[in-house]
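Numbering (our numbering), first residue to last: 452 to 606.
C-beta: ideal position from N, C-alpha, C; glycine also.
Notes for the one structure printed next.
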């Protein structure tokens, strides 16, 4: 009889532990994009790949690059034109896999020449990624500089 009670108590304990851990939900806290410094796209190096990682409230992470959505926001130097274009020619694009590319026909520059002999000042485009999980959306951006114009001032 004592053994039977011990088994019943043990079984109830196991069931209670299982039920207590069921239904726990973890929410999306944020996303990060690597490399955090973004890219400088040049004629010699016209592309780069971004990796998007979701960060959850339980400290777990997941790579969600292909499940994210992307857009390129305009550089302040090209603010009078459509995002990701200079003179109507697309300059920067980003695909579903997070690959950022400068157009082969683009002649753009998002670096301003220094006025006092210092380093060139960047006015980058921004690659913006968004990811939604269980109704929670997180967004992050990284800078994308373009130095594809002949004689472009670059870092």
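Legend entry - Whether residue 502 touches residue 578 by CB criterion (8 Å): Taking the first residue of the chain shown as 1, we reach residue 502 at position 51. Taking the first residue of the chain shown as 1, we reach residue 578 at position 127. Residue 578 is positioned such that its CB atom lies no closer than 8 Å to that of residue 502.
Legend entry - DSSP three-state assignment for residue 476, whether helix, strand or coil: Position 25 of the chain shown, counting from 1, holds the residue named residue 476. DSSP, read as helix, strand or coil, puts residue 476 in coil.
Legend entry - Distance, residue 510 Cα to residue 603 Cα: Here residue 603 corresponds to residue number 152 of the chain shown, with the count starting at 1. Here residue 510 corresponds to residue number 59 of the chain shown, with the count starting at 1. Each residue's Cα considered, the two are about 43 Å apart.
Inset, instruction - Would you kindly check if the distance between the Cβ of residue 519 and the Cβ of residue 561 is under 8 Å? - result: Translated into positions along the chain shown, residue 561 becomes position 110. Translated into positions along the chain shown, residue 519 becomes position 68. Not closer than 8 Å, so no.
Legend entry - Nearest-angstrom Cα separation, counted from residue 547 out to residue 481: Reading the chain shown from its first residue, position 30 is the one you call residue 481. Reading the chain shown from its first residue, position 96 is the one you call residue 547. Spanning the two alpha carbons is a distance of roughly 19 Å.
Legend entry - Residue span of the beta strand (DSSP E) that contains residue 517, given as start and end: Reading the chain shown from its first residue, position 66 is the one you call residue 517. First-last for residue 517: undefined, no H or E at that position.
Inset, instruction - Could you pull out every residue in the same chain whose Cβ sits closer than 6 Å to the Cβ of residue 504, ignoring the five residues on either side in sequence? - result: Looking up residue 504 in the chain shown gives position 53. Closer than 6 Å at the Cβ level, and outside the excluded window around residue 504, lie 483, 512, 514.
Inset, instruction - Would you tell me roughly how many angstroms separate the C-alpha atoms of residue 516 and residue 500, rounded to the nearest one? - result: Walking along the chain shown from the start, residue 516 turns up at place 65. Walking along the chain shown from the start, residue 500 turns up at place 49. Answer to the nearest angstrom: the Cα atoms are 10 Å apart.
Inset, instruction - Express the C-alpha separation of residue 476 and residue 530 in angstroms, rounding to a whole number. - result: By 1-based counting over the chain shown, the position of residue 530 is 79. By 1-based counting over the chain shown, the position of residue 476 is 25. Because the pLDDT at residue 530 is just 45, under 50, the model does not fix this residue reliably, and the value given afterwards should be weighed accordingly. Cα to Cα, residue 530 sits roughly 42 Å from residue 476.
Inset, instruction - Using DSSP bridges, identify the partner residues of residue 484. - result: Residue 484 sits at position 33 when you count from the first residue of the chain shown. According to DSSP, which records beta bridges pairwise, residue 484 is partnered with 503.
Legend entry - Cβ neighbour criterion (16 or more within 10 Å) applied to residue 580: Reading the chain shown from its first residue, position 129 is the one you call residue 580. Buried is the call here.
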